[in-house]
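Using full-length UniProt numbering, you'd call the opening residue of the sequence shown number 1 and step up by one each time. Note sheet for the following structure.
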Amino acid sequence: MTDCVLRVRDYRTLRPIAITIAQGCICAIEPLKSSETLPIVAPGLIDLQVNGFQGIDFNHYPFSAGQVEEVVRLLWQQGVTSWLPTVITADQDTISRAMRALAQACEQRPAVAAALPGIHLEGPFLSPQDGPRGAHPLSAICAPDYRLFDEWQRCADGRIRLLTLSAEWPQAAAFIRHYQQSGVQFSIGHTAASPEQIDEAINAGARMSTHLGNGAHLQLPRHPNYIWQQLADDRLACTVIADGEHLPVAVLKVFMRAKGQQIMLVSDVTHFAGRAPGEYQASIGGHVILHPNGRLAMRDNPQLLAGSARSLLDGVNFLLSSALADLPTAIEMASIRPARQLNLPQQAGLAVGAPADLITFVERSDRGVQLIQCWKEGQKVWGD
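Written out as structure tokens, the structure reads:
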């Protein structure tokens, strides 16, 4: 049975096509003869790093299954159809409770289960050094610990899909190797590791860098250093935050050229997204300031960012408006590539048999895009 047919333009070619959707999947894509100005269609966006949204914070317990579902629905308005809730460094009990709450949300709310392919644990096995640690509390930073991770994975009902850790801990490589067959992907981040330690972590199975270029010292040796080492190793994919604050345009351009198909966008969005500018008390990091331009930084150390207040769609638009990428590349950095990194079925993109997780939009005068609709598993979940 056919659920619907979308008359749209393919984001890769801008040619008119008819997409037939049935049972939550794309079952046909056919050329379309049309003189209409049709909206553009693309795969739904996938964000590997969502700390919260519009006042709902996954790092401030308690939060409810209903609140997790509310974030699902808010992110549909940003074109995000799949995402990883991100729990960061905290004491053992706080992380355990957050994991249980997210697992319960997946069990109790079908919309949440459909949107969350897993959980991202960012810490606490990070660098204790100022700079690389970022806003993560030093008091909770610790070396990789099998007992702790097993407990958190149990609380999450096996849903921890991505773990960010620093390669500088002597036991980091052995820790990564131990969990290689468990389905957890390891990402190097918030690190002060030597090139040799990074290479050991990659040999053990690390396959990603978390928001490369951030969670770093303000000054580094010219060479060698841990950014060059991660950038140069073709075995590592990397995520970047493209909001005009976390990385300068020139750095983004160099990273994109070096990593090619292996670079992806994340938002690192926090619960401050959608809130009024001002000073806030964050559950992690203490006092932060949300500036009118969207910059979110530590009050007492303004050079240190405290996450982001912009969505993944804003990152796509920043790439486009800064002429860093064409439309297909910008979209795929936030959709197909992260899906491929996690081996999700959405990596097929616009193809017969792929999940009908789709967005439609029009182009703006500033080279960006304006979202019109969001579709999840063949159902229109937001838009006209």
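Quick reminder that beta carbons are idealized off the backbone N, C-alpha and C, glycines included. None of the values given here were measured: they were computed from a predicted structure.
Annotation: V184 to W83 spans about 16 Å, alpha carbon to alpha carbon.
Within the model, the alpha-carbon separation for H217 versus E69 is close to 36 Å. In this structure, F125 keeps its C-beta atom at 8 Å or more from the C-beta atom of W152. Assignment of W152 by DSSP, reduced to helix, strand and coil, places it in the helix class. Taking the Cα of H190 as reference, the smallest distance to any Cα among A237, D130 and H60 is reached at D130.
Setting aside the 5 residues that flank it on each side, M99 is surrounded in the same chain by W152, C155 and A156, each with a C-beta closer than 6 Å to its C-beta; the list follows chain order.
Each residue's CA atom was taken as its position, placing N343 and R159 some 15 Å apart. If one requires a minimum length of 4 residues, the alpha helix (DSSP H) runs lying completely within the region 151-183 are 172-178, in chain order. Counting only residues of its own chain and dropping the five nearest sequence neighbours on each side, F255 has a CB closer than 8 Å to the CB of L212, G213, L231, C238, V240, L247 and I263. Annotation: the region 322-372 contains the following complete segments of the alpha helix (DSSP H) (minimum length 4 residues), in chain order: 327-333 and 336-341.
In the displayed model, T94 falls within a helix according to three-state DSSP. The straight-line gap separating the alpha-carbon atoms of S321 and R367 is approximately 5 Å. Non-local beta-carbon contacts of V251 in its own chain, meaning distances under 7 Å to residues more than five positions away in sequence, involve G213 in chain order. Apart from the 5 residues on each side of it in sequence, L74 sits with its Cβ closer than 7 Å to the Cβ of F53 and Q54 in its chain, given in chain order.
Beta-bridge pairing by DSSP links M99 to no other residue.
By the 16-neighbour rule on beta-carbons within 10 angstroms, H291 is exposed.
Taking 8 Å as the upper bound for CB-CB distance, P328 and Y11 are in contact here, some 6 Å apart. DSSP, read as helix, strand or coil, puts Y280 in strand. Inclusion of D268 and Q49 in the CB contact set at 8 Å is warranted, their separation being smaller than that value. For T270, the CB contacts under 6 Å within the same chain, skipping 5 residues up- and downstream, are N51, G52 and G307 in chain order.
In the three-state reduction of the DSSP assignment, K259 falls in the helix class. Burial state of A334 is buried, judged by a 10 Å Cβ sphere holding 16 or more other Cβ atoms.
By the neighbour-count criterion, in which 16 or more other beta carbons inside 10 Å mark a residue as buried, A42 falls on the buried side. N59 and P144 have their C-alpha atoms some 20 Å from each other.
Taking C-beta separations shorter than 6 Å and ignoring five residues to either side along the sequence, the partners of E122 in its chain run T86, I88 and T164, following chain order. In this structure T81 is not in contact with K380, their Cβ atoms being roughly 12 Å apart against a cut-off of 8 Å. With fewer than 16 other CB atoms across the displayed protein chains lying within 10 angstroms of its CB, E107 is exposed. Between C4 and V352 the beta-carbon gap is near 15 Å, outside 8 Å, which marks them as no contact. In this chain, the beta strand (DSSP E) harbouring G383 covers Q379 to G383. Inclusion of I331 and Q347 in the CB contact set at 8 Å is not warranted, their separation being larger than that value. A114 carries a helical assignment under DSSP once its states are collapsed to helix, strand and coil. With respect to I40, V8 sits close: the two C-beta atoms are nearer than 8 Å. No Cβ-Cβ contact shorter than 8 Å links L296 with F318. In summary, D357 is buried, with 16 or more beta-carbon neighbours lying within 10 Å of its beta-carbon over all protein chains present. Counting only the Cα atoms, V72 lies some 15 Å from I359.
With 16 or more neighbouring CB atoms inside 10 Å of its own CB, D243 falls in the buried class.
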